[in-house]
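Working notes for the structure below.
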């Protein structure tokens, strides 16, 4: 577990200072600020993470179908960010749940992930609206899977949980385009 | 168009006061505050809207499949909130886009819609994670449809656009559970 997460967990997020973090981690403050804008960012990945993630997605092997690309991206993400870090991620999740500003930051991170995945899908030929919807569904599935994975001791990896969730969504949507809206049933709702 | 939206549009959201709104609408301030916590809320529906929406969803005719229920709910929402209000909704959207606090409120409204739809799906027998994912996908489709509908002059109703988007999502997810993740392709990303 990182020095920062240890300290946040021991003495609370608000009470922890950057000098305390750098002292425990054996870093200079200068090095810290080269990687993180502030202490909050330690919980959300270093400054270069977005650019790296973008570059990684752009390296997807050619010829994959859209579902293959999604499965590939989820596996990569699980390997880089989740596999083997469940205990630390549980502590981070509890910290986020306890602090409103961290929750807001977490929502912004989710929005960022939506754009990142949407952008990658567009660059693979999907239309704008189609890419956006599929990206949001994929990110939703990742968060549903994260919730399952952090709140259980399952041996199933987070990407496999997310794929199962997406397969369930696919099944739930079966027939959606042709679902009739029985006109007679559309009675005006009571006030 | 409502008096409040007219004023916001004429003189800006920040510069408009509740007394100005009530004067133009011919209401007392007291009546205004019985329906809205503040001027911002005028753009997001009156105080009782959440409880009403919940009651309406609970009145869904029995025996509908999940896709039928989604189509029914979207049609109802289109009829109550969207059909015939495109010009006013365009003005509201432009106001929201121009003000950060309105954007935050808009995100919270979206989160609320996610919970509302998720709750309705759970009460129809779906599991917690399954309901959450399907609710988020449905709300995503509604926002994608709203974007299409506000930025075009299409005669297609917003619920029909949302259903088409969901049908597209269903097609995009075809094969997702069985999508293989070619092990050899999972080379370590470059730093």
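Protein chains in written order, with my numbering: chain A, 245 to 435; chain B, 245 to 435.
For glycine and all other residues, C-beta sits at the position ideal for the given N, C-alpha and C.
Membership of residue 348 of chain A in the alpha helix (DSSP H) is indicated by the continuous run 344-367. Only residues of its own chain outside the window of five on either side were considered, and among them 401, 402 and 403 have a CB closer than 6 angstroms to the CB of residue 322 of chain A, listed in chain order.
For residue 421 of chain A, the closest Cβ of chain B is nearer than 9 angstroms. According to the DSSP assignment, residue 378 of chain B belongs to the alpha helix (DSSP H) that extends over 372-394. For the 9 angstroms CB-CB criterion, residue 317 of chain B and residue 364 of chain B form a contact. Using a CB distance below 7 angstroms, no part of the region 269-299 of chain A faces chain B. Residue state for residue 289 of chain B is assigned as coil, using DSSP reduced to three classes.
Residues of the region 369-395 of chain B with a C-beta less than 8 angstroms from any C-beta of chain A: 370, 373, 374, 376, 377, 378, 380, 381, 384, 385, 388, 391 and 392, listed in chain order. Put simply, of A:361, A:248, A:388 and A:387 the residue whose alpha carbon is nearest the alpha carbon of residue 375 of chain A is A:361.
By the criterion of at least three beta-carbon pairs nearer than 8 angstroms, the region 410-421 of chain A is not in contact with the region 255-265 of chain B.
Within the region 303-314 of chain B, the residues whose Cβ lies closer than 9 angstroms to any Cβ of chain A are, in chain order, 303, 304, 305, 308, 309, 310, 311, 312, 313 and 314. Counting only residues of its own chain and dropping the five nearest sequence neighbours on each side, residue 343 of chain A has a CB closer than 6 angstroms to the CB of 257. Boundaries of the alpha helix (DSSP H) harbouring residue 315 of chain A: 310-321, taken from the DSSP string.
Burial is judged here by how many other beta carbons sit within 10 angstroms of a residue's own beta carbon; residue 373 of chain A has at least 16 and is buried. Residue contact with chain A for residue 413 of chain B: present (Cβ-Cβ distance below 9 angstroms to some residue of chain A).
For residue 266 of chain B, there are no neighbours in chain A by C-beta distance under 8 angstroms, as the nearest C-beta there is about 23 angstroms away. With fewer than 16 other CB atoms across the displayed protein chains lying within 10 angstroms of its CB, residue 334 of chain A is exposed. The beta carbon of residue 416 of chain B falls within 9 angstroms of a beta carbon belonging to chain A, placing the residue at that interface. For residue 370 of chain A, the closest C-alpha among the options B:356, B:397 and B:412 is that of B:412. Per DSSP, reduced to three states, the secondary structure at residue 263 of chain A is helical. Listed along chain A, the residues sitting closer than 8 angstroms to residue 409 of chain B by beta-carbon distance are 373, 374 and 377. Against chain A, the CB of residue 351 of chain B has a partner CB under 9 angstroms away; the residue lies at that interface. Apart from the 5 residues on each side of it in sequence, residue 312 of chain B has no Cβ closer than 8 angstroms to any other Cβ in its chain. If you look at residue 414 of chain B, you'll find it in the alpha helix (DSSP H) that goes 402-416. The residues 266, in chain order, have a CB closer than 8 angstroms to that of residue 275 of chain B in the same chain once the five nearest residues on each side in sequence are set aside.
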